[in-house]
Every structure is written in structure tokens, then in C-alpha cells.
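Residue numbers (the working numbering), protein chains in the order written: chain A, 972 to 1080; chain S, 972 to 1080.
Backbone N, C-alpha and C fix where the C-beta goes; we use that ideal spot for every residue, glycine too.
Worksheet: the structure to be examined is printed underneath.
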DNA sequence: ATCTTATATAAGTTCTATTTTATGTAAAGG
DNA sequence: CCTTTACATAAAATAGAACTTATATAAGAT
């Protein structure tokens, strides 16, 4: 699975986005992250694993606790995808402008 | 369902992202969009419906054809979510810096 | 050592998304 | 009119993601 797939699949879940939002305020343990949700701890652990595999969070060890923190670089694939898309869009607009300037109506390939 | 949910759910599928990439080059009909995929036309039609409901594409009528075009404003919810997240991150880094400057080690709430 | 706290993993279930097959509709072409 | 082309919709199958219950592990507290 491509990086961008993992990124977007991870972000597509509201619980995981809420977890990221929480982590944007600072580190938190699994239990702290689980608290706001009406959901069991294993469910949260699974969400964390998805986020970790997507490179969106990292975890350390602090005795029995496993604090999580956000790793902003994990958003890079999404940034790249977005700017790619927008670059292509602009290129296609530029082509369209050229054609219109020539008075030549654009046609499909 | 919140806007950002629809946006990210739509983007989480590789077929749909490929469709958007194709549309970044310019308008295309359903058949043209379906061609590159080993997938039936109804499947593509369904993907297009998801993209449309997310506000990522729009469709017009041209006789029997239904050309699709990208609507870049559909990415606004994602842009907003991303900058929100990053704003919070920076705020929390700022707080951390303050505390460190005071020589006061940060603690959990 | 034992108990507790914090977390992970496994198995199973339920829910939702993707895809296909089959069929319907609407416009254009003969 | 009848056929074809381009697409939509419905129903059903499949696949996959999310969640729960039950259990395991590992570190700290007693």
C-alpha cells in the first residue's frame, strides 16, 4: 500500500482525527486518549496502531506507559498529493487559456 | 456527517484519487474515466457520486454524456482541517518553549 | 512474590464500503 | 420507431474496517 493510502485511510476516521487533534496539544498516554470516547481501550489501541503505521504519531516508553506524540512529517504525503493535484490543475488551466487566446476551442483527445 | 468526513472518506479511496488526478487535466466523461480501470461502469458511477457529494467534482449534461470536472473548492474542508491542526501544534510548541525558558519542566494536565 | 495499572494482541462480530450483475432511462442516430 | 450509446439505479455478493470480549504481557507498587 502506498504511503498516501495509509495517510488518507488513517485520516478518514473521525476518532483518529480527534486523537490527532488532542495530540496537537501535546503528548498523551493511551488511557488519556481513550478517556473522551465511548469506546474500549483495545479499540483506541488499534486506532493508534493505524496512526503509527501511517507515520502520523510516534510512541515512547515511560515505565508502563506508552505516551504518544504527533509526528507532523507524517502529513508530508498528503501535502505532496495536494500540491501535485493543484499543480496539474493550474497546468491544465494554463493550456486552456492558451487555446482560448488562439481563438481555438479546446477539444477532447 | 461533517464536511471533513465526506472529503476524507472520498479521498481515502485510490480509485477516486486517480479519478481526481485525471480530472485535474481537464473534463472527462464517465466512460473516459472508467477506461483506465479494471472495474465496471456502475462502480465508477458510484465513485463519482461519492466525489460529487463531497463537493470535489461537478457534472454537466451534454446530450447523452455527463462530463465531470474538478471543483477545487471541495478541498477547502481539508485545507481548513490541516491548518487548524498545524495551528494547534504551533501553539503547543510555543507553550512548551515558554515553560522551558522559565526552567519549569512541562507537566501533564 | 503478588497485585495492580497500562497497554497489546487475538478471535469473533457487526457494520460499512466496494464491486458486480442485472436492469432502467434518456438522448442521439439510423 | 428502433437501436445504440452513455449513463444511473437496485439488489446482492464480497471484502474490509471498526468494535467488543477475553486474555496476555510487562512494569511498578505493596
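Segment limits, alpha helix (DSSP H) that includes residue 1047 of chain A: 1047-1072
Chain S within 8 Å of residue 986 of chain A, Cβ atoms only: no
Looking at the unbroken beta strand (DSSP E) that takes in residue 1037 of chain A, where does it start and where does it end? Taken as a continuous stretch (DSSP letters only), residue 1037 of chain A belongs to no beta strand (DSSP E), as it is neither H nor E.
Per the DSSP calculation, residue 995 of chain S is bridged to which residue(s)? Beta-bridge pairing links residue 995 of chain S to no other residue.
Verify whether the separation of the beta carbon atoms of residue 982 of chain A and residue 988 of chain A is less than 8 Å. yes
To the nearest angstrom, report how far apart residue 1009 of chain A and residue 998 of chain A are at their CA atoms. 21 Å
Give the DSSP-derived three-state secondary structure of residue 1009 of chain S in the structure shown. coil
Mark residue 1078 of chain A as exposed unless 16 or more other C-beta atoms lie within 10 angstroms of its C-beta, in which case mark it buried. Residue confidence is low: residue 1078 of chain A scores 49 on pLDDT, short of 50, so the model does not pin down where it sits. Its coordinate-derived value is still stated next. It counts as exposed.
Taking 8 Å as the threshold, find out whether the segment 1007-1024 of chain S comes into contact with the segment 1007-1024 of chain A through three or more Cβ pairs. no
Inspect the beta-carbon positions of residue 990 of chain S and residue 974 of chain S and report whether they are closer than 8 Å. no
Proximal chain A residues relative to residue 976 of chain S, where beta-carbon distance stays under 7 Å: 985
Would you tell me roughly how many angstroms separate the C-alpha atoms of residue 1006 of chain S and residue 1042 of chain S, rounded to the nearest one? 22 Å
So which residues on chain A does residue 997 of chain S lean against when the C-beta distance must stay under 7 Å? 1063
Let's test the definition: count the other Cβ atoms within 10 Å of the Cβ of residue 1072 of chain A and tell me whether it reaches 16, buried, or not, exposed. exposed
Would you decide whether residue 1058 of chain S is buried or exposed? Buried here means 16 or more other CB atoms lie within 10 Å of its CB. exposed
7 Å CB neighbourhood of residue 993 of chain A in its chain, flanking five on each side removed: 999, 1004
Helix, strand or coil: which one does DSSP assign to residue 1079 of chain A? Caution is warranted here: a pLDDT of 43 is assigned to residue 1079 of chain A, below 50, making its placement in the model unreliable, and the coordinate value is therefore given only provisionally. In this structure, residue 1079 of chain A counts as coil in the three-state DSSP scheme.
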